[in-house]
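Colleague: Structure incoming, see below.
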Amino acid sequence: MGERAVLVEQSKRGKIGCPAANLFLSGRHIACRIADVTTDGVLLIVPAGTSTSAGDTVAVSIDDFPSAVARVQWVSADRLGLEFRTGIDASVVAHIERERAILLDDAAANGTLADIAQGNG
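Structure follows, in structure tokens:
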């Protein structure tokens, strides 16, 4: 199973390898996970029942970086596709990818990735 397939599969089973982030929507703070990110947009995994729709304006933050304003492009179950109003710096994307690598290394070290690959996660 390729790395991307493992990331997609594990995101269904505990979101291993998906760094934590914060979504701010209509004055509410929602803890979420980052499934994928570029300088132009982000794919978030949000709690089921998060009430939003395409066209909504939100803010996203991770760690100590300033919040980025984004527009919801699409909603599908617990996934949100967002486009940043102003592209984020590549250093933020690199930071998120380093966080993902650490999470995946930890999951590999404790056997979680192997369990998922075998369908046991």
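Each residue of the sequence shown is one higher than the one before, counting from 1 in full-length UniProt numbering. Glycine included, C-beta positions come from ideal geometry on N, C-alpha and C. Just so it is clear, the structure is predicted and the values come from calculations on it, not from any experiment.
(1) Among Ser76, Ile88, Leu44, Thr52, which residue has its Cα nearest to the Cα of Val69?
(2) The ligand GDP and Asp106: does the residue's C-beta get closer than 7 Å to at least one heavy atom of that ligand?
(3) What are the partner residues of Ala94, as DSSP defines its beta bridges?
(4) What whole-angstrom Cβ distance do Arg71 and Gly55 have, given they're in contact under 8 Å?
(5) Of all the beta strand (DSSP E) runs that stay within the bounds of the UniProt domain "PilZ" (22-98), which reach a length of 3 or more residues?
(6) If you count every other CB in all the chains shown that lies within 10 Å of the CB of Arg85, and 16 or more means buried, which is it?
Modeller: From the atom records:
(1) Ile88
(2) Of ligands this structure carries none, so the ligand GDP is not represented either.
(3) Paired residue(s): none; Ala94 is not in a bridge.
(4) 7 Å
(5) 28-37, 41-45, 57-61, 68-76, 79-84
(6) exposed
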